[in-house]
Every structure is written in structure tokens, then in C-alpha cells.
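Asker: Just passing along the structure, written as C-alpha cells.
Number of protein chains: 2
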Amino acid sequence: MRVSEGSSSVEALVSTIHAVAGNASSGLHEPVFAGNEKAYLNDCIDTGFVSSAGEYVTLFEQELSKFTGAPHAIAVVNGSTALHLALVAIGVKPGDEVIVPALSFVATANAVAHAGATPHFVDVGEETWGLDPVALQNYLATVGHNVGGRLMNSETGRPITAIVPMHTLGHPANMQGIKGVAEEYGLLIVEDAAESLGSMIGDTHTGLFGRVGIFSFNGNKTITTGGGGALVTSDPELASHIRHLSTTARIPHRFEFDHDEIGYNYRMPNVNAALGVAQMEQLPVFLASQLELFERYQNAFADWTEVEVKMGVKGTKSNYWLQALYLSEGLDFDRDKVITNALSQGLPVRPMWKPLNLIGAHATSPSAPTPVAHEVYERVVCLPSSTSLVD
Amino acid sequence: MRVSEGSSSVEALVSTIHAVAGNASSGLHEPVFAGNEKAYLNDCIDTGFVSSAGEYVTLFEQELSKFTGAPHAIAVVNGSTALHLALVAIGVKPGDEVIVPALSFVATANAVAHAGATPHFVDVGEETWGLDPVALQNYLATVGHNVGGRLMNSETGRPITAIVPMHTLGHPANMQGIKGVAEEYGLLIVEDAAESLGSMIGDTHTGLFGRVGIFSFNGNKTITTGGGGALVTSDPELASHIRHLSTTARIPHRFEFDHDEIGYNYRMPNVNAALGVAQMEQLPVFLASQLELFERYQNAFADWTEVEVKMGVKGTKSNYWLQALYLSEGLDFDRDKVITNALSQGLPVRPMWKPLNLIGAHATSPSAPTPVAHEVYERVVCLPSSTSLVD
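Chains as they are written, first to last, in the working numbering: chain A, 1026 to 1416; chain B, 1026 to 1416.
See the structure below:
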């Protein structure tokens, strides 16, 4: 079907979504509990272990390590606290400045602020929708200068110390490119892999390209622990420090409570980890369903010349966490028309995250020009993506 | 039995603990799950609601409100984040200074640091083991001076803005006295009621004396949600702001994601709240068991002239969350002897929290003299306190 029929084509487009997501329920990406969730939750009750000590926490971390190949995984209460803890653990200090892609959930920029640092927003790439290495390089060359091996913001005189790339909708950012720029400027990478459990670049899982990576297991993610997150790293000392910081930095002792630095209460409770272990058992099935759903949308829109279902990036394997439709210039209706029409039919759709340099909480932070992030924001409709849509 | 038999009396004392806590398991205060925990957890799985939206969160908040009399309750991921959020919500800013009792879990002081403020430590009272109004008054008069209605630290020139009293082991602090001093100096109160669910002063539940109060539902508390906490307040606008801040400060909109300030991801997941609802149904039984356990310890030590089981404070009702034994001066053995002997017999005991001005993370923060906190720390053994010890 061609899209040149005026206002009727909004309905035709929404009908096409409907044909794939016929039985979509109220959520954009709802969890599926088809495994041992109840058994493991009940086991927590039987054993009395529901809090932050318990074997499911260890098991969940082991399963994450096995699946991602991360030598160390530390489970915490959610992805937002994982990001905050990652920044603190690698040494981001109050007053530092940190590079964040303009297109991400607000948690990415908030974590920088929670560490007392200032986020800078840089544009994303047209193919990846993740931080663009060229835009990054241009921005750093413009705003910073080298002082004794450290990159300083020429305007504020403060150090730019880290970069937080994010894998948008599960599609890997160009980590090789970003790493190259990071190494050139001496910046540390915290990899926000909140959306990309199951996504790979070559043989390496997302989250493993930086000094530390994080995942989210919120209710709308590929797997869920209710609320939850994790940090992954290859560095045993950093892993040990993260674990220490996540449990109030208590010094091990048979009975005394001493703490050698200001820590956090960020450890994942056992009851949430129990859910996580059950979900990890089903992760391969969930990933297959997400890929299958992508293919169904792609087939459904095969005849539409002016819209495109977001595809994976060459050389990477996407988890296809969230399906997305890109509305090209030729259309005579916009994103909001599609969204309001779909919502009126009970179809759970939504736009991309509003670019971080446009939202109230971060509008005054420094930013590079971000035309691609704004274009993606204005042209993309996120589609019903629950794995339950595929049987 | 008199305690004047040299080293043998350590064994006699530990035997007396043993007689009460005969079947104590490995934890100091372990949870009991004798109600609808499994049913409600399974319901979360059946309905698919495990994350931060869900009816158990609302129900849990309603039950907390009903039980405590708090007009507003907001459930969050744990007591530490509840404290942090409380301080941020009442307006504590980076650079502020905040009064904390010297005797508390490290989370109380950490929350102040997480808000970017500096904790000051003040002594506790001999009867309450909570912040002492006289010591507080003396300290504020010494370190501060009034500048245009604000209390400023005379040394640093920074404002002292808040006080965080804590109800030690569930025994209410002297909130009337503390409130009087707070009003005199124009300071806000965040009431750390982490340990005192069920404790009252007159007809008012702890947590309701300050601008905002917090509870903890960690695995070792009177009720548990795995990990969890809550804020309570009488102020509808503050409650609304806390709720907003706890959910990334998102502006309500049908599909856009805009956020008007830097918020947090602190909301309690539904699966944890489900546990909480089941636990609240059993709270009266748990409180009766904690009181009964206190009486058993008190009877067991009735003949010991030189030790005292910590009693409730006049005019208050304690929840007797954690039972504690105070070792008087006349004894010829110390706290560590009792603790190591008891632990060697598998009895879960521990000392009080190490005073905050002695622990590494906060040793450089300003402090009043805190002889009572140090005396309590050196003389108290916390006893096995699981409600399961009483059938």
C-alpha cells in the first residue's frame, strides 16, 4: 500500500500496526512470566531469604555473567542507581563534566547530575541512533583542551572525564568509534546498556566495551526483576569496589559496623533476583520473539515506501527490544497523528524519549548541535513490542 | 544470679540469653512469612504487574497510612533512598549542614552526604538513646548564629538547615524536646523512623513529628518487603512533590516524556509491595511478639543486678524492634567477650552501630562531644530478636 491518500493513510498505517499487534494489551513492552517465577518466589518465602543477602542474587549475577560473558556482574535495585554507582565507582567527581547522547531516557543524564557532574549532550548517528563518534570528536575538539593529559572544558575550566553511550532501543552504538575518541581524549566509558541485554557487536556483548556497563530489568525491559539493574565489568578490583559501595561500604568484620567511605544501599533484594533467575532461563525465547516481531512488522510494512521499521545495524546483533517505525519526509501526516490515532484504538505506542537537551530538567546543560536526535524524535513511533505478541 | 563470678559469668550471661532465644537461627532479626505472602506474589505473576506501577503499591501505601495515621505515604526502594529523597524534597541543598544523632546506622549520615550536605553529630539521651534535645540546644548555640532568620555555622558560613532524629531500636526519641529546639532555630525535621514502625509517642505514631518521616522494610525490620522504605507526611503538596521526584519527575502527559526537574528512580516495585501488604496484615502479631520477647528477656535477667534489658521510654510505646542488654560498670567482662562467646554458640548477637563520628566514612565531619553515644556503643549487646522466637 502506498502512502499518498491524505488523512486516510494515518488509518491505513495504524491498521497495519494493528494487524501485527492485534492482541496488544495496555503496555508498550509487557513482561511474560512463563517459567519458574512462582516457584522461585515461593522458595524465597519458604527459606525466609527475601532481602539483599540470598542465593538468588548470586545465581542471577552468575547467569548474567554467563550470558553476557562479563567476568563480573553486580545486581542492584535498578538501572538508574546502576548508572549512578558506575559513575561514582570509576571516579567521576562533583564538578566533573560528562558526555551523554542527546537521545536517551532521562535516567542517563540524571545519573550524571546525581554524581554531582554536569552532562553535555552530543548528537546520535543516523544509522545507530546512538552516540555518534564523529559528532563526539567534533564537540570535544571544540569545547575542550588538553591540560597535562586531562581534557578540560575551555569555558568552565572543569575536567571532562567520562562518556556514557547508550544502545538505543537495543541497537548497538558504534562502540569501536566511540572507544577510539575516548582513548584519544583520555575519557572513561560507562556503557548504558539498559535497553540492550542480548545485543552484541561482533562476538562481544554490549556493556563490555567500557570500563563498566549497566543493564536495566525494569518491567518494560527484555527481562524483568520488578525493579532491578546490574553493573558489569572485566576489572576485578572495580567489581569489588562496586560491590562494596553498593552495600554501604561496610568493612567486613564478624560483628562491628564500620564503613570506610560513603556508600549506598543499592543491592538487589533476593526476591527480585529470584524473578531474574526465572526470567534469564527464558531469555533466549524472549530474544527470538523480539526478532520475530521485528520481522512481522517489517513484512507488514514491506509495501510502504515512506516508512521504515527500524533495522539492526551492520556488524551487530540487536535484541530488538523496542520496535520502531520511522516516518519519512514524504508523508503528509506526522508522528503525533499516528500516535493519537493508535492510542485511540487501544494500541500501545509512544514517541521516542524527548531529546535530553529539550526536556525541562536538563535544558540548561551544555549541548552540541543535535539535528539527528531531534529528527529521530520527531519522526519515530515506537510500536507495541511485548514478546507475548509472538506465540 | 549475681554477676560476680569472674570469667564464668560471661558464660552465665550467654546461657541466660540462650534460655530465651533457644531456637535462634542465624539472623539477629529474621522475617516471618505466615500470611498471604505467596498468594500476593503469585498474584503479581498472574496479573503481570511486578514493576513500579501496580495495585499492591497503592494498597501498601494505604495500609501504612491507616496504621500510622499518616495522611500521605509514598513507598520507595529502601529506607536509605527514602531518607535521601526526604532531605532533597524539604529543600536541603548541596553545601547545607544537617544535624544527625551520633548513634545511628550509617545510612542516616550517608543520606545527608548524598544530598551534598555535611552531617554534624550530636549526642543521644541516656534514657532514649535518641538525639538529646539538651545536647542539641547546646551544640546549636555553640556552633551557629542567626543571620536574617537562618542558622549559619559560624565557622563555615554555611546554613544549618535540618535535623534527622532517629528512634533507636524502636524506642522513640524525645520528639517534643527536639521539635522545640528545631522551632527555636528554624530547622526542619526529617524523622528517621526506619526502626520504629509501631512505636508511638502519646497518640501519635513516630515519623509524624517532623516535616517528613521515613520507614525501612529491610529484611531485618519488623515487617519486610525484601528491600523497601516509605516516606510519610501530613503535607499534601510535599507528598505530591515526593511522589513526583521518586518517579523521574515526569510531567503527566498521554505520551510525551518530559521531566521538569532532576528526579530519581526510587519507586517501590509492585512485587515488593505485595510482600508488604501481606506483612502489614501480620503487623499486630509481630508487635505483640516483640513485646513478649522483651518481657521474656526482662524476666530472664530479673536477678541480674548489673545488666539491664533496654526498656521503653516513659510516655511512649516502643515497638521493641531490637532487644538490647546494657552491661553496667560493675561487670568484670566487656561487651566483646559477651558477643564473641554468644557468636561461638551460634547465638546471633551484635553490638550497637558504631557511633557515626567514629566510623571511617564520617570521622572527619564536625561533631559535638558524644559521651552517651560512645557509652551505649561500648556497653550494649543487641540480642536475638526474631519474632519467630515467640510462638
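Where a beta carbon is used, it is the ideal one built from N, C-alpha and C, also for glycine.
Name the chain A residues that come within less than 8 Å of residue 1070(B), Cβ to Cβ?
Answerer: As a working note, residue 1070(B) is residue 45 in the second sequence. Those are 1058, 1062, 1063, 1066, listed as they occur along chain A.
Asker: Taking buried to mean at least 16 other C-beta atoms within 10 Å of its own C-beta, is residue 1088(B) buried or exposed?
Answerer: The sequence position of residue 1088(B) within the second sequence is 63, counting from 1. Buried, by the Cβ-count rule.
Asker: When the Cα atoms are used, what is the spatial distance from residue 1388(B) to residue 1239(B)?
Answerer: The sequence position of residue 1388(B) within the second sequence is 363, counting from 1. The sequence position of residue 1239(B) within the second sequence is 214, counting from 1. Computed Cα separation, rounded: 25 Å.
Asker: Return the residue from the list 1277(B), 1216(B), 1303(B) that minimises the CA-CA distance to residue 1257(B).
Answerer: What you label residue 1257(B) is simply residue 232 of the second sequence in a count that begins at 1. When each option's Cα is compared against that of residue 1257(B), the closest is 1216(B).
Asker: From what residue to what residue does the beta strand (DSSP E) around residue 1241(A) run?
Answerer: On the first sequence, residue 1241(A) is found 216 positions in, with the first residue counted as 1. Counting along the chain, the beta strand (DSSP E) containing residue 1241(A) begins and ends at 1237 to 1241.
Asker: Would you kindly work out how many angstroms separate the C-alpha atoms of residue 1104(A) and residue 1339(B), rounded to a whole number?
Answerer: Taking the first residue of the first sequence as position 1, residue 1104(A) is located at position 79. Taking the first residue of the second sequence as position 1, residue 1339(B) is located at position 314. Distance between the alpha carbons of residue 1104(A) and residue 1339(B) is about 45 Å.
Asker: Counting only C-beta atoms, is residue 1289(A) closer than 9 Å to chain B at any point?
Answerer: The residue given as residue 1289(A) occupies position 264 in the first sequence. Yes, residue 1289(A) lies at the interface with chain B (some Cβ there is under 9 Å from its Cβ).
Asker: Does any residue of chain A have a CB that is nearer than 9 Å to the CB of residue 1376(B)?
Answerer: One-based indexing of the second sequence puts residue 1376(B) at position 351. At least one chain A Cβ lies under 9 Å of residue 1376(B).
Asker: Measure the beta-carbon distance from residue 1116(A) to residue 1175(A) and round it to whole angstroms, keeping in mind my assumption that it falls under 8 Å.
Answerer: Against the first sequence, residue 1116(A) aligns to sequence position 91. Against the first sequence, residue 1175(A) aligns to sequence position 150. Not a contact, Cβ separation roughly 12 Å.
Asker: Going along the chain, which residues of its own chain have a beta-carbon closer than 6 Å to the beta-carbon of residue 1085(B), five neighbours each way excluded?
Answerer: On the second sequence, residue 1085(B) is found 60 positions in, with the first residue counted as 1. Closer than 6 Å at Cβ, skipping near neighbours: 1100, 1298, 1301, 1302.
Asker: Touch check for the stretch 1268 to 1283 of chain A and the stretch 1056 to 1071 of chain A: three-plus C-beta pairs under 8 Å?
Answerer: With a cut-off of 8 Å, the stretch 1056 to 1071 of chain A and the stretch 1268 to 1283 of chain A do not count as touching, because too few Cβ pairs lie within range.
Asker: Taking Cβ-Cβ distances shorter than 8 Å, what residues in chain A pair up with residue 1249(B)?
Answerer: By one-based count along the second sequence, residue 1249(B) stands at place 224. The contacting residues are 1075, 1076.
Asker: Under 9 Å between the Cβ atoms of residue 1353(A) and residue 1404(A)?
Answerer: Here residue 1353(A) refers to the residue found at position 328 when the first sequence is read from its first residue. Here residue 1404(A) refers to the residue found at position 379 when the first sequence is read from its first residue. Yes, the Cβ-Cβ distance between residue 1353(A) and residue 1404(A) is below 9 Å.
Asker: State the Cα-Cα distance for the pair residue 1047(B) and residue 1414(B), rounded to the nearest angstrom.
Answerer: Counting from one through the second sequence, the residue named residue 1047(B) turns up at place 22. Counting from one through the second sequence, the residue named residue 1414(B) turns up at place 389. Going by the C-alpha atoms only, they are around 8 Å apart.
Asker: Assuming residue 1149(A) and residue 1398(A) make a contact with CB atoms under 8 Å, what is their CB distance in whole Å?
Answerer: Numbered from its first residue, the first sequence carries residue 1149(A) at position 124. Numbered from its first residue, the first sequence carries residue 1398(A) at position 373. Residue 1149(A) to residue 1398(A), Cβ: 5 Å. Contact.
Asker: For residue 1203(A), which of 1055(A), 1155(A), 1052(A), 1244(A) has the nearest alpha-carbon?
Answerer: Reading the first sequence from its first residue, position 178 is the one you call residue 1203(A). Checking every option, the nearest Cα to that of residue 1203(A) belongs to 1155(A).
Asker: To which residues of the same chain is residue 1317(A) closer than 6 Å at the C-beta, ignoring the five residues directly before and after it?
Answerer: Within the first sequence, numbered from 1, the residue matching residue 1317(A) stands at position 292. The answer, listed in chain order, is 1415.
Asker: For residue 1278(B), count neighbouring Cβ atoms within 10 angstroms of its own Cβ and tell me buried if that reaches 16, exposed if not.
Answerer: Counting from 1 along the second sequence, the entry for residue 1278(B) is found at position 253. So residue 1278(B) ends up on the exposed side.
Asker: Going along chain A, which residues have a C-beta under 9 Å from residue 1368(B)?
Answerer: Here residue 1368(B) corresponds to residue number 343 of the second sequence, with the count starting at 1. Those within 9 Å of residue 1368(B) in chain A are 1279, 1280.
Asker: Do the stretch 1252 to 1271 of chain A and the stretch 1285 to 1292 of chain A touch if we need at least three Cβ pairs shorter than 8 Å?
Answerer: With a cut-off of 8 Å, the stretch 1285 to 1292 of chain A and the stretch 1252 to 1271 of chain A count as touching, because enough Cβ pairs lie within range.
Asker: I'd like to check one pair, residue 1386(A) with residue 1274(B): are the Cβ atoms closer than 9 Å?
Answerer: As a position in the second sequence, residue 1274(B) is number 249, starting the count at 1. As a position in the first sequence, residue 1386(A) is number 361, starting the count at 1. Going by C-beta atoms, residue 1274(B) is nearer than 9 Å to residue 1386(A).
Asker: Using a Cβ-Cβ cut-off of 6 Å (strictly less than) and excluding sequence neighbours within five positions of residue 1079(A), which residues of its own chain qualify?
Answerer: Here residue 1079(A) is taken as the residue at index 54 of the first sequence, counted from 1. Result list for residue 1079(A): 1295, in chain order.
Asker: Interface residues of chain A around residue 1300(B) at Cβ under 7 Å?
Answerer: Your numbering for residue 1300(B) matches position 275 in the second sequence. In chain order: 1075, 1296.
Asker: Have a look at the DSSP bridge pairing and note the partners of residue 1392(B).
Answerer: Here residue 1392(B) is taken as the residue at index 367 of the second sequence, counted from 1. The partner list for residue 1392(B) (beta bridge, DSSP) reads 1146(B).
Asker: Leaving out the 5 sequence neighbours to the left and right, which residues in its chain are closer than 7 Å to residue 1151(A) when beta-carbon positions are compared?
Answerer: The residue given as residue 1151(A) occupies position 126 in the first sequence. For residue 1151(A), where only same-chain residues beyond five positions count, the Cβ hits under 7 Å are 1397.
Asker: Between 1159(B), 1158(B), 1160(B), 1109(B), which lies nearest to residue 1135(B) when the distance is taken from Cα to Cα?
Answerer: Against the second sequence, residue 1135(B) aligns to sequence position 110. Ranking the options by Cα distance to residue 1135(B), first place goes to 1109(B).
Asker: Pull up the DSSP beta-bridge partners for residue 1375(B), would you.
Answerer: If you number the second sequence from 1, residue 1375(B) lands on position 350. DSSP, once it has assigned bridges, lists 1407(B) as partnering residue 1375(B).
Asker: In this structure, how does DSSP classify residue 1274(A) when only helix, strand and coil are distinguished?
Answerer: Position 249 of the first sequence, counted from the first residue, corresponds to residue 1274(A). Looking at residue 1274(A) - three-state DSSP - the assignment turns out to be coil, as it is neither helix nor strand.
Asker: Do the stretch 1224 to 1238 of chain A and the stretch 1188 to 1203 of chain A touch if we need at least three Cβ pairs shorter than 8 Å?
Answerer: Segments in contact, yes.
Asker: At least one CB of chain A closer than 9 Å to the CB of residue 1105(B): is that the case?
Answerer: Position 80 of the second sequence, counted from the start, is the residue given in the question as residue 1105(B). Chain A, which has a Cβ nearer than 9 Å to the Cβ of residue 1105(B), makes this yes.
Asker: Under 9 Å between C-beta atoms, does residue 1235(B) make it to chain A?
Answerer: Within the second sequence, numbered from 1, the residue matching residue 1235(B) stands at position 210. No, because no Cβ of chain A sits closer than 9 Å to the Cβ of residue 1235(B).
Asker: Based on the DSSP output, what are the partners of residue 1217(B) in its beta bridges?
Answerer: By 1-based counting over the second sequence, the position of residue 1217(B) is 192. BP columns for residue 1217(B) point to 1191(B), 1239(B).
Asker: Going by Cα to Cα distance, which pick from 1141(A), 1057(A), 1138(A), 1319(A) is closest to residue 1249(A)?
Answerer: Numbered from its first residue, the first sequence carries residue 1249(A) at position 224. Nearest option by C-alpha distance: 1057(A).
Asker: For residue 1051(B), which residues in the same chain have their Cβ closer than 7 Å to its Cβ, ignoring the five residues on either side in sequence?
Answerer: Within the second sequence, residue 1051(B) is the residue found at index 26, counting from 1. 1373, listed in sequence order.
Asker: Can you tell me which of the three DSSP states residue 1039(A) falls into?
Answerer: Taking the first residue of the first sequence as 1, we reach residue 1039(A) at position 14. Residue 1039(A): helix per DSSP, three-state reduction.
Asker: Under the DSSP definition of a beta bridge, which residues are partnered with residue 1351(A)?
Answerer: Residue numbering aside, residue 1351(A) sits at position 326 when the first sequence is read from its first letter. 1333(A), 1405(A), per the DSSP bridge assignment.
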